Every structure is written in C-alpha cells, then in structure tokens.
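2 protein chains.
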Amino acid sequence: MRQSVISVALPDQSYNIAIVPNGFDQLGNWVIVQAEGVNLGRQILLVSNPAIFKLYGDRVVASLTKVGFIVAVHLIPAGEQHKTLASVQKIYDSALKHRLERSSTMVALGGGVVGDMTGFAASTWLRGINFVQVPTSLLAMVDASIGGKTGVNHPKGKNLIGAFHQPRLVFIDPLVLQTLPRREFRAGMAEVIKYGVIGSPGFFEQMEAAEKLSDVQSIAPELLESIVVQSCQAKADVVSQDEKEAGLRAILNYGHTIGHAVESLGNYQDLNHGEAVAVGMVAAGRIAAGMGLWDQENCDRQEALITKAGLPVTLPVVDHGGIVTALLSDKKVKAGKVRFVLPTAIGAVVIRDDVPENLLRSVLAELGESLE
Amino acid sequence: MRQSVISVALPDQSYNIAIVPNGFDQLGNWVIVQAEGVNLGRQILLVSNPAIFKLYGDRVVASLTKVGFIVAVHLIPAGEQHKTLASVQKIYDSALKHRLERSSTMVALGGGVVGDMTGFAASTWLRGINFVQVPTSLLAMVDASIGGKTGVNHPKGKNLIGAFHQPRLVFIDPLVLQTLPRREFRAGMAEVIKYGVIGSPGFFEQMEAAEKLSDVQSIAPELLESIVVQSCQAKADVVSQDEKEAGLRAILNYGHTIGHAVESLGNYQDLNHGEAVAVGMVAAGRIAAGMGLWDQENCDRQEALITKAGLPVTLPVVDHGGIVTALLSDKKVKAGKVRFVLPTAIGAVVIRDDVPENLLRSVLAELGESLE
Chain Y
0 MRQSVISVAL
10 PDQSYNIAIV
20 PNGFDQLGNW
30 VIVQAEGVNL
40 GRQILLVSNP
50 AIFKLYGDRV
60 VASLTKVGFI
70 VAVHLIPAGE
80 QHKTLASVQK
90 IYDSALKHRL
100 ERSSTMVALG
110 GGVVGDMTGF
120 AASTWLRGIN
130 FVQVPTSLLA
140 MVDASIGGKT
150 GVNHPKGKNL
160 IGAFHQPRLV
170 FIDPLVLQTL
180 PRREFRAGMA
190 EVIKYGVIGS
200 PGFFEQMEAA
210 EKLSDVQSIA
220 PELLESIVVQ
230 SCQAKADVVS
240 QDEKEAGLRA
250 ILNYGHTIGH
260 AVESLGNYQD
270 LNHGEAVAVG
280 MVAAGRIAAG
290 MGLWDQENCD
300 RQEALITKAG
310 LPVTLPVVDH
320 GGIVTALLSD
330 KKVKAGKVRF
340 VLPTAIGAVV
350 IRDDVPENLL
360 RSVLAELGES
370 LE
Chain H
0 MRQSVISVAL
10 PDQSYNIAIV
20 PNGFDQLGNW
30 VIVQAEGVNL
40 GRQILLVSNP
50 AIFKLYGDRV
60 VASLTKVGFI
70 VAVHLIPAGE
80 QHKTLASVQK
90 IYDSALKHRL
100 ERSSTMVALG
110 GGVVGDMTGF
120 AASTWLRGIN
130 FVQVPTSLLA
140 MVDASIGGKT
150 GVNHPKGKNL
160 IGAFHQPRLV
170 FIDPLVLQTL
180 PRREFRAGMA
190 EVIKYGVIGS
200 PGFFEQMEAA
210 EKLSDVQSIA
220 PELLESIVVQ
230 SCQAKADVVS
240 QDEKEAGLRA
250 ILNYGHTIGH
260 AVESLGNYQD
270 LNHGEAVAVG
280 MVAAGRIAAG
290 MGLWDQENCD
300 RQEALITKAG
310 LPVTLPVVDH
320 GGIVTALLSD
330 KKVKAGKVRF
340 VLPTAIGAVV
350 IRDDVPENLL
360 RSVLAELGES
370 LE
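Those protein sequence lines, which keep their order, are chains Y and H.
All letters in the first sequence, in the order written, are residues 0 to 371 by numbering that gives the first Met the number 0.
All letters in the second sequence, in the order written, are residues 0 to 371 by numbering that gives the first Met the number 0.
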C-alpha cells in the first residue's frame, strides 16, 4: 500500500502528516527526516495509555531507540475523565524526572485524550517543547491530532483550558484502526462525513458508493486508507488557511454546536463525541432546510450516509430547554449570539447567527422527545 | 510629566508599552485606544493581590468601568510561593464564573507573580484570550511584563510551566514605585543596570552620574521615569528581534545563569531575584575578565554601580559545588553545556559555552566562602 504525506502549511511552523500503513517500525526514521533543520535533542517522553501501549509500545519504542533517541514512557489511564490538569501535572513530573530540555520531544501515542493532554503538556513545559502525534483512533487521526488544538477539561466544561501548539509531525498507521472498538470507529466516521458535507462532494459520493461503512472489518484497506487520507487533507487545508480559528476554521464546527450541548447535557455518558456530532449534523441540516438554505434531497442524503455509518440520527431523551441554555454558554459564543454552521450544498456551508429560536426548538422536537 | 509610548513589534501581534505618570484614571481609555481593531468584548477579569488592590484597585476598576467594561475582581495572595498551577486553577474558576469569552480580557495589576500567573491563565483559558499588564513593581515594569513570558513554578523549579502570550498593552505608572518597599525597588535596579551593561553605554553612564540610586525616594521623578522608559525600550528592542528566545534574546539572561543557581540553592530565601542577578552579573563580569574578554576597569565600574544601587556584590554562604550542579539542571542548558552571557564592553556581550570549570570555581571562591 502507498504512503501519503500531507503538508500543513502554517506561517510559523509547517509540518507534515505521514500516513504509512503498517509503519510503526519506521517511526524513528520519519521523525528524524521530518524534523530536518530542527534540533530535536535526544530525550523523548512517550505518553500513552496502558491498553494502547501494550499493543504498540514495544514497536514504537524500539523504532525511536534505533535511531538514537532515549525514550522514557509515561502512561495515563484511558478515558475522558482523566483529561485533567492533574494528569498534566503528572506528565510535568515525568518531564522533570527525565530532564526534558527545550529541544526534547514529547510523543503522544493514543487517541484524542492522550494527544490533547500530551500536546498541552508539551506546549507549556519550558514554554513549549517539540511534539509528535501518533494517533491510534479514527477520531484522533482525522481530527484531534491535526491543527494544534491541545488542552484539558475544566470540571465544568470540556476543553476550556488549552493552547495552540503545532506538532512537528503527525504519524498515522491507518491499519491500526482494524483493532479499534466498533463504537469508537463509528464515532470517528462522524467527523469523516463532516468533511464531505463541508467541502468535498466527491468524497461524500465515494462514501455513498461504498458497500458498507459501519464496520471497519468490512471496509477494504484501500478505502480505509483513502478515508483517512482525504479527511486529513480536508482538515489540513482548512487549518493551513486559518491556524487560530479567526474565520474559516469555524466551518470545522459543523455539527458541533448542538453536538457539544447534547454531549455535555448527557454528562458525556449517553452519546460519545462522534455520535453527538452526527445528531448535531442532522439538526444543522434540518435547520438549514427550515431556513431555505438547503434542499430536502441533500438533507436526506446526509441522514442516509450517517445511518449507513451506524451513527444515530435521533436524540436520546434530553432536556431541550437545557440544550438551548447550554448553547449560550458554549465557548464559541460571541456577544451572546449563537453561531451555527449550516450547509447550503453537499460540499458547502455558511455561518449564521440568526437561527430563529422556534425553528431550533421544533427541530429538536423532531429529533426526539424532551425530558420536560 | 511626559507620557511615553514604546512599541514592541512582533510578527503576529505588536503592542505598546504606555508609560503614563499618575495615569491609572486613564487606563480604560488607553485600553480602548490601544486595542483598536481588536474585539475586546465587555468582560474583564482583573487579577491582583490584596495589598496592591487596596492601593490602586478602586481607581483601576473605576477607569475600566467608565469606558463600558464589566469588571470582576480575582485576588490571589502575595508571594512567589503562590505562583502555582493551583492558583491558576482558581483564576480559571473565576473565568468560568464570570463567563469570560474568547474576546474577553484578563488584566494583571501587580508585580511579577500576578503578571506571570494572569498571563498564563489568559494564555490557556479558551486557548488564549486578551491580556493587559499593569505592573506595579520595578522588576515587573522593566522585565517581567514585557516579552510575553508567562508561567508558574513547578514544586521543583521556577517557571518550568509556562507559555508565550503577548499582552495587548502594558500600562505603567512609574510614580507608583514611590510606595514600593526599598528592597523590592533595589531588586528591580539589578535588571535596570543589566540593560546598561548589555547594550546601552549612555544609560549606564547616566546612572553612574546620578547622585543617588539606592532609594526610590531620593531619585528625582524625572530620572525615575527615564530609568523605566530606557529599560522598557531596551527590553522591547531585544524582544522585537527575537520573540521566542531563538537567539538574541538570550543576552537578557546576563547575570541570570549563576543568579538562578544561587537563588534556587538558597531556596529563594537568602537573596531575592534581583539580588541574585546582581551577584550573577558580578560573577559573569569576573569570568569575562578572567577569560580576557573584558578589561578590569569596566569590571570595577559595574561593581561600583551595583554597590551604588544598594545591591550585593558578594555571595551569601552557599554550597559552591551545588551552584555548579544547579547550573547543569537549568532549563536553558543545551546538550549538557552551560551557556554564559559575558560582557566585552559596557554595552556589549557575547554568549560562550566554554567557561573553564576551574575559573568558575575560583570566581565563586572570590565572591564568598563555601558551605563545603
């Protein structure tokens, strides 16, 4: 299978996403090649969680050691509930113990939680050291690992504490997805479908044409790789044009406005992030149709593709009024107005802050009954 | 008295240092003017400590409120021992409570501890919000508030956790220095003298010519203002050329290499930061003389000026071997080599990593007896 290299071009620091099937044995060499011109030092702190490290840790450590790095390992328990400042403090302790210098590197091997926390620790240790992402979940590969967003949760809200810190390299082996739990794979597919809707009609059609999408085992390795490559390319294109979310990057929040509210109301238990985004896209699509921005046919195509990927198109029983309140406390709220990303075609979106509250409420009512 | 505006020109975000004698009543207007083109939102979180807030809080809050800001106040206890991640976490809690948005602003009113922590909180809340520095100590005015270094201490080392985050405005009333405790004022003078040695022979001579330098009360307001303006200009010039400490900015560490080691060995109790820097400059000067880089006359002039400012030129009784060990664990160490900033003239320095260990030890022996 082919290798792909996608460039993320940024004013201060450009870097590549390398997609290398069955590539962990080559990670060390890729790090050396990709960091050309950067003094990487010798010390690496590899951060992972026990389950992922058990699967891939030996190969990754061996690959890094072979090219001359000294690798220390820091494991954090799996799960969003550990994405806290307290966990980052333990990474700092390891960084001190292993004498990481300004030229040293932290490598994140794992899903979004590991990547977000390791990136934040790398961003704030000695005011910023080198950082390499080795994402192992679909969600982390196509979304979290690209773009430099790092951070942890505040007890009262997700990702409220964080920093922008770009990696030196994102290294992806798409074949590791074959061991990903089914529900986690599907969660990543929500972001994948998002890229189709916001900017890639051809990619959307490719997924529509696939025989099956809901199980990674029934997706051909070539299609799986293509899904990862096209999604990474889509994210890289947007991030390259708008590193700090000043404008364009906001379109990546498609499906996330209502998605976040649903997620937080369910206390992150009922729906995972990808499932919430899936329902959020359904809601945004219907709002767009209700405002006359999108035609019903495309709205239906989106819902069919989401269903095909094994993702939900309806809400669990939640407090609809609570969703509206939660929207107003979202960190992206500007001067009290809620901004929605709404599709106008398969492959095009607009940003609007004038969604009528009664339309929002009626769409929520269509998607599921309220606790009220 | 005149007002001065010094520009810090950076690729991504330029900003001004406004030096306005007796100016706190005008702070609100300055914030509005200086943030032209930036959406500042309406919510401000003012961070200070109880003693400083008691002196200036009412004027500052009134000035900000008058121009339309909603001001919430967060007080943190004074002292370096509170410059921790736990204190920052409390600032986050206030930020959440007062619903700070991405366009909101944190204002730091106080010395270096308040500024460093508030800056770090502003840098990491919602991945970075607006930040205004209102330094009230000489050290904070001429050093800490300029350049975007923010951070907190790790239990095992100062400033190990941090980020670069540039303020929108640094606003200084030099007259507040007249109420600064004598020892704190002198500590700031160490950095002021540093600017003379590393790049401003005229400024150095101006201080040599001053009648007195050791007490703020015996310094004419015009000279005091000139000291602040020239020091800010010196720091701004260096920072503008090297935002992220890639090269030139390292010269600002003059006196800090040994200074940091002395400070940390004394557990930050024996000498404060400025006093340690003063002794560090004396040591660096003698090392430079010992290596034939600097002539003895200038070495003596530097020590005379440091003495005139009421600062120490000798070490307290400390473990000299411990200083050497501490130097090797400094966060600026690259691949095990200690880099010293050494003067070659009044107004010029070079960076060297080849200081002979026996010269270092003999200079330490000259400066005071060892615990060993």
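Beta carbons: idealized from backbone N, C-alpha and C, even for Gly.
This structure is a prediction, so every number in the text was calculated from the model and none was measured.
Spell out a yes or no on whether the stretch 157–172 of chain Y and the stretch 198–207 of chain Y are touching, meaning 3 or more CB-CB pairs, one atom from each, closer than 8 angstroms. no
Between the C-alpha atoms of Met188(Y) and Gly111(Y), what's the straight-line distance to the nearest angstrom? On the first sequence, residue 188(Y) is found 189 positions in, with the first residue counted as 1. On the first sequence, residue 111(Y) is found 112 positions in, with the first residue counted as 1. Distance between the alpha carbons of Met188(Y) and Gly111(Y): 14 angstroms.
Ends of the alpha helix (DSSP H) at Pro220(H)? Position 221 of the second sequence, counted from the start, is the residue given in the question as residue 220(H). Per DSSP, Pro220(H) belongs to the alpha helix (DSSP H) from 220–240.
Measuring straight from C-alpha to C-alpha, what distance separates Gly198(H) and Val348(H)? Working through the second sequence from its first residue, we reach residue 198(H) at position 199. Working through the second sequence from its first residue, we reach residue 348(H) at position 349. Cα to Cα, Gly198(H) sits roughly 8 angstroms from Val348(H).
The ligand ZN heavy atoms versus the CB of Val196(H): any closer than 7 angstroms? In the structure on display, the ligand ZN does not appear, and there are no ligands present to speak of.
What number of angstroms, rounded off, separates the C-alpha of Glu224(H) from the C-alpha of Val312(H)? Here residue 224(H) refers to the residue found at position 225 of the second sequence. Here residue 312(H) refers to the residue found at position 313 of the second sequence. Distance between the alpha carbons of Glu224(H) and Val312(H) is about 26 angstroms.
By how many angstroms is the C-alpha of Gly161(Y) removed from the C-alpha of Ala235(H)? Against the second sequence, residue 235(H) aligns to sequence position 236. Against the first sequence, residue 161(Y) aligns to sequence position 162. Ala235(H) and Gly161(Y): Cα-Cα distance of roughly 27 angstroms.
With a threshold of 6 angstroms on Cβ separation, who are the neighbours of Gly309(H) within its own chain once the five nearest residues in sequence on each side are excluded? What you label residue 309(H) is simply residue 310 of the second sequence in a count that begins at 1. The residues are Arg185, Ser213.
Measuring alpha carbon to alpha carbon, tell me which residue in Ser47(H), Gly40(H), Trp293(H) is nearest Val133(H). For the purposes of this step, residue 133(H) is taken as residue 134 along the second sequence, with counting starting at 1. Here the closest residue by C-alpha is Ser47(H).
Pairing CB atoms from the stretch 35–55 of chain Y with CB atoms from the stretch 97–115 of chain Y, are three or more of them under 8 angstroms? yes
Nearest to Ile250(H) (by Cα), restricted to the options Leu270(H), Glu190(H), Glu302(H): Locating residue 250(H) in the second sequence gives position 251, where the first residue counts as 1. Minimum Cα distance to Ile250(H) is reached at Glu190(H).
So, is Val238(Y) buried or exposed, given that buried needs 16 or more other C-beta atoms within 10 angstroms? The residue you call residue 238(Y) lines up with position 239 of the first sequence. Counting Cβ neighbours within 10 Å, Val238(Y) comes out buried, since at least 16 surround it.
Give me the Cα-Cα distance between Val215(H) and Leu137(H), rounded to the nearest whole angstrom. One-based indexing of the second sequence puts residue 215(H) at position 216. One-based indexing of the second sequence puts residue 137(H) at position 138. About 10 angstroms.
Under 9 angstroms, CB to CB, which of the residues in the stretch 124–142 of chain H have a partner in chain Y? Trp124, Leu125, Arg126, Gly127
Entirely within the stretch 150–226 of chain Y and at least 4 residues each: give me those alpha helix (DSSP H) ranges in chain order. 181–198, 200–208
Cα-Cα separation between Gln2(Y) and Val175(Y), rounded to whole angstroms: Taking the first sequence and counting its residues from 1, one reaches residue 2(Y) at position 3. Taking the first sequence and counting its residues from 1, one reaches residue 175(Y) at position 176. The straight-line gap from Cα to Cα measures roughly 15 angstroms.
Looking only at its own chain, which residues have a Cβ that is under 8 angstroms from the Cβ of Ile286(Y), when we skip the five neighbours before and after it? Position 287 of the first sequence, counted from the first residue, corresponds to residue 286(Y). Correct list, in chain order: Phe339, Leu341, Val354, Leu358, Leu359, Val362.
Please state whether the Cβ-Cβ distance between Tyr91(H) and Ala120(H) is less than 8 angstroms. Taking the second sequence and counting its residues from 1, one reaches residue 91(H) at position 92. Taking the second sequence and counting its residues from 1, one reaches residue 120(H) at position 121. Yes, the Cβ-Cβ distance between Tyr91(H) and Ala120(H) is below 8 angstroms.
Under the rule that 16 or more other beta-carbon atoms within 10 Å means buried, what is Gln80(H), buried or exposed? Taking the second sequence and counting its residues from 1, the one referred to as residue 80(H) is at position 81. Its Cβ having fewer than 16 others within 10 Å, Gln80(H) is exposed.
Show which residues of chain Y have a CB atom less than 9 angstroms away from the CB atom of Ser122(H). What you label residue 122(H) is simply residue 123 of the second sequence in a count that begins at 1. Correct list: Thr123, Ala162.
Kindly say whether His259(Y), judged by its beta-carbon, lies nearer than 8 angstroms to any beta-carbon of chain H. Looking up residue 259(Y) in the first sequence gives position 260. It does not: the Cβ of His259(Y) has no partner Cβ on chain H nearer than 8 angstroms.
What residue from Gly258(H), Leu247(H), Ser102(H) has the CA that sits closest to His319(H)'s CA? Here residue 319(H) refers to the residue found at position 320 of the second sequence. Nearest of Gly258(H), Leu247(H), Ser102(H) to His319(H), Cα basis: Gly258(H).
Nearest to Val66(Y) (by Cα), restricted to the options Thr104(Y), Leu26(Y), Thr83(Y), Val72(Y): The count along the first sequence starts at 1 and reaches residue 66(Y) at position 67. Minimum Cα distance to Val66(Y) is reached at Leu26(Y).
With a cut-off of 8 angstroms, does the C-beta of His272(H) fall near any C-beta of chain Y? On the second sequence, position 273 is the one that residue 272(H) refers to. Chain Y contact via Cβ: absent.
Can you confirm whether Gln88(H), when its beta carbon is compared against all beta carbons of chain Y, has any partner nearer than 8 angstroms? Your numbering for residue 88(H) matches position 89 in the second sequence. Gln88(H) counts as touching chain Y.
Rounded to whole angstroms, what is the Cα-Cα separation between Thr135(H) and Gly78(H)? Translated into positions along the second sequence, residue 135(H) becomes position 136. Translated into positions along the second sequence, residue 78(H) becomes position 79. Distance between the alpha carbons of Thr135(H) and Gly78(H): 14 angstroms.
Comparing the C-beta of Leu74(Y) with each C-beta of chain H, is any distance below 8 angstroms? For the purposes of this step, residue 74(Y) is identified with residue 75 of the first sequence, where counting begins at 1. No, because no Cβ of chain H sits closer than 8 angstroms to the Cβ of Leu74(Y).
Using the C-alpha atoms, what's the distance from Gly273(Y) back to Cys231(H)? Translated into positions along the second sequence, residue 231(H) becomes position 232. Translated into positions along the first sequence, residue 273(Y) becomes position 274. So the alpha carbons of these two residues sit roughly 50 angstroms apart.
Mapping DSSP to helix, strand and coil, what is Ile285(Y)? Along the first sequence, one-based indexing puts residue 285(Y) at 286. Position check: residue 285(Y) holds Arg in this sequence, whereas Ile was assumed. Arg285(Y): helix per DSSP, three-state reduction.
Report buried or exposed for Glu242(Y), applying the criterion of at least 16 other Cβ atoms within 10 angstroms of its Cβ. Taking the first residue of the first sequence as position 1, residue 242(Y) is located at position 243. Answer is buried; the Cβ neighbour count reaches 16.
Do you know offhand how far Val196(H)'s Cα is from Gln12(H)'s? By 1-based counting over the second sequence, the position of residue 196(H) is 197. By 1-based counting over the second sequence, the position of residue 12(H) is 13. Val196(H) and Gln12(H): Cα-Cα distance of roughly 29 angstroms.
Considering only the alpha carbon of each residue, which of Met280(H), Ser217(H), Glu368(H) lies closest to Ala303(H)? Sequence index remark: in the second sequence, residue 303(H) carries index 304 (1-based). It is Met280(H).
Lys96(Y) - DSSP class collapsed to helix/strand/coil: Along the first sequence, read from residue 1 onward, the residue named residue 96(Y) stands at position 97. Note: Lys96(Y) maps to helix in three-state DSSP.
With DSSP collapsed to three states, give me the class of Lys65(H). Counting from 1 along the second sequence, the entry for residue 65(H) is found at position 66. Three-state result, Lys65(H): helix.
Per DSSP, cross-strand counterpart(s) of Pro421(H): Residue 421(H) is absent from the structure shown; chain H starts at 0 and stops at 371.
Alpha helix (DSSP H) containing Leu264(Y): first to last residue? Position 265 of the first sequence, counted from the first residue, corresponds to residue 264(Y). Leu264(Y) -> alpha helix (DSSP H) spans 255–264.
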